[in-house]
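Heads up: the sequence shown begins at 49 in the working numbering, then just goes up one per residue.
Note that CB positions come from ideal geometry on N, CA and C, so glycine has one too.
A quick note: this is a predicted structure, and the numbers were derived from the prediction, not measured.
The structure appears right after this line, and notes come after that.
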Amino acid sequence: QVQLVESGGGLVQAGGSLRLSCAASRSIFSFNDMGWYRQAPGKEREMVATIPSWGIVNYADSVKGRFTISRDNNKNTVYLQMGSLKVEDTAVYYCNARVAIQHYWGQGTQVTVSS
49 QVQLVESGGG LVQAGGSLRL SCAASRSIFS FNDMGWYRQA PGKEREMVAT
99 IPSWGIVNYA DSVKGRFTIS RDNNKNTVYL QMGSLKVEDT AVYYCNARVA
149 IQHYWGQGTQ VTVSS
């Protein structure tokens, strides 16, 4: 079992920055991959960025060049640095961990971007 706790959400003006953190309850070293997803009101949850234990990082087209995902295996934490935020980035952001065939989710953190 894995518990994921997100933090760092909040209210920010368009063009601003935020950094989200996701702390795992145990070592993430062996996790297949971790990622950030988001869900806006009335919309389906969508992938924002994923980072494997090794390999290529993946970003949604809508955030390429603005968001950066990283992981610190020593701190069991994954980060999402968000810059040049847009109103359309407003959503609840969820952390995800994939361990073998299991997926684990955090409780989500609200990000609101005002115009």
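Per-residue burial, residue i [other beta carbons within 10 Å of its own, 16 or more giving buried]
| i | result |
| --- | --- |
| A148 | exposed |
| G57 | buried |
| D120 | exposed |
| G113 | exposed |
| L59 | exposed |
| N122 | exposed |
| G90 | exposed |
Backbone CA spacing between residue i and residue j [nearest angstrom]
| i | j | result |
| --- | --- | --- |
| S110 | S132 | 12 angstroms |
| Q150 | A62 | 36 angstroms |
| Y141 | W102 | 23 angstroms |
| A71 | T125 | 4 angstroms |
| S163 | L68 | 20 angstroms |
| E92 | T116 | 22 angstroms |
| V105 | S78 | 16 angstroms |
| V135 | L66 | 13 angstroms |
| A139 | Q158 | 6 angstroms |
| V50 | G154 | 9 angstroms |
Beta-carbon contacts of residue i that lie in its chain and below 8 angstroms, excluding the five residues immediately before and after
| i | result |
| --- | --- |
| E94 | Y85, R86, Q87 and A108 |
Contact set for residue i: own chain, Cβ-Cβ below 6 angstroms, skip 5 residues either direction
| i | result |
| --- | --- |
| Q129 | R67 and T116 |
| G64 | L133 |
8 angstroms contact criterion, which residue i and residue j should meet: CB distance rounded
| i | j | result |
| --- | --- | --- |
| A145 | I76 | 7 angstroms |
Residues near residue i in its chain [Cβ-Cβ closer than 7 angstroms; skip 5 each side]
| i | result |
| --- | --- |
| S73 | V50 and Q51 |
| D81 | T98, I99, P100, S101 and R146 |
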